[in-house]
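Q:
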Amino acid sequence: DFCLSRGLGDVYKRQISKIQAERQQMLAENLPLTAEQAPAFWKTYREYSNEAGKLFQKEGQLMLEFINNFDNLSQEEAKSLLDDFLKVETSFLKLKKKYVSRYRKVLSETQTFRYFQIQAKIDDILAYEMGKNIPMVSTK
């Protein structure tokens, strides 16, 4: 149903926007920084966020493609979508690995670990919230 699919796409976009807007606030509240660390950390964070934002957009495009076609995906379309989702997941992991060394230059090891824990928790919340609204693919 196109209306249902469109509605789910709108929910997806709103949820991502809401959680991404709250991400920086959650980090600020849960990652204590010294006055010396803060400027370099937030600069690095903005750079990371810009790159991650592109991946979230790509993931969102794939999700909308799925939502608009979930009830009649061909075998080839299902394969292609899954492969594309896995490429995005791999890109997220590569991005994290790229930035861990940058965060280590600014933060202590425990702060760096905590930063990635906070990010993982936020990502888990986002995945849970989105999963509630995403239909299961038809296997017919």
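In terms of my numbering, the sequence shown opens at residue 241 and continues consecutively.
We put the CB at the ideal spot given by N, CA and C, even for glycine.
1) Applying the 10 Å Cβ sphere with the 16-neighbour rule, what's the burial state of Leu-313?
2) Hey, quick one: how far does the alpha helix (DSSP H) through Lys-338 stretch, first residue to last?
3) Measure the alpha-carbon distance for Asp-364 versus Asn-270 and round it to whole angstroms.
4) Using a Cβ-based criterion (distance less than 6 Å to any ligand heavy atom), does Thr-330 qualify as near the ligand GDP?
5) For Glu-276, which of helix, strand or coil comes out of DSSP?
6) Would Val-346 and Gln-277 qualify as a contact pair, given that the criterion is a beta-carbon distance under 7 Å?
7) Pick helix, strand or coil for Asp-311, following the three-state DSSP scheme.
8) Can you tell me which of the three DSSP states Lys-298 falls into?
9) Applying the 10 Å Cβ sphere with the 16-neighbour rule, what's the burial state of Thr-352?
10) How many angstroms separate the CA atom of Leu-366 from the CA atom of Ala-292?
11) Where does Leu-271 fall in DSSP's three states?
12) How big is the Cα-Cα spacing for Ala-360 and Leu-333?
A: Put simply:
1) On the sequence shown, position 73 is the one that residue 313 refers to. Its Cβ being crowded by 16 or more others within 10 Å, Leu-313 is buried.
2) Here residue 338 is taken as the residue at index 98 of the sequence shown, counted from 1. Looking at the DSSP string, the run of the alpha helix (DSSP H) that includes Lys-338 is 315-346.
3) Translated into the one-based positions of the sequence shown, residue 364 becomes position 124. Translated into the one-based positions of the sequence shown, residue 270 becomes position 30. Looking at the two C-alpha atoms, the distance is approximately 16 Å.
4) As far as ligands go, the structure on display features none, and thus does not contain the ligand GDP.
5) Stepping through the sequence shown from its first residue, residue 276 is reached at position 36. Coil, per DSSP.
6) Start at 1 with the first residue of the sequence shown, and residue 346 comes out as number 106. Start at 1 with the first residue of the sequence shown, and residue 277 comes out as number 37. Closer than 7 Å, so yes.
7) Within the sequence shown, the letter at position 71 stands for residue 311. If DSSP states are grouped into helix, strand and coil, Asp-311 belongs with coil.
8) Stepping through the sequence shown from its first residue, residue 298 is reached at position 58. Looking at Lys-298 - three-state DSSP - the assignment turns out to be helix.
9) Residue 352 sits at position 112 when you count from the first residue of the sequence shown. Buried is the call here.
10) In the sequence shown, the residue the question calls residue 366 occupies position 126. In the sequence shown, the residue the question calls residue 292 occupies position 52. Taking the straight line joining both Cα atoms gives about 14 Å.
11) Residue mapping note: residue 271 aligns to position 31 of the sequence shown, counting from 1. Here Leu-271 sits in coil by DSSP.
12) As a first step, residue 360 must be located in the sequence shown, where it is residue number 120. As a first step, residue 333 must be located in the sequence shown, where it is residue number 93. For Ala-360 and Leu-333, the distance between alpha carbons rounds to 11 Å.
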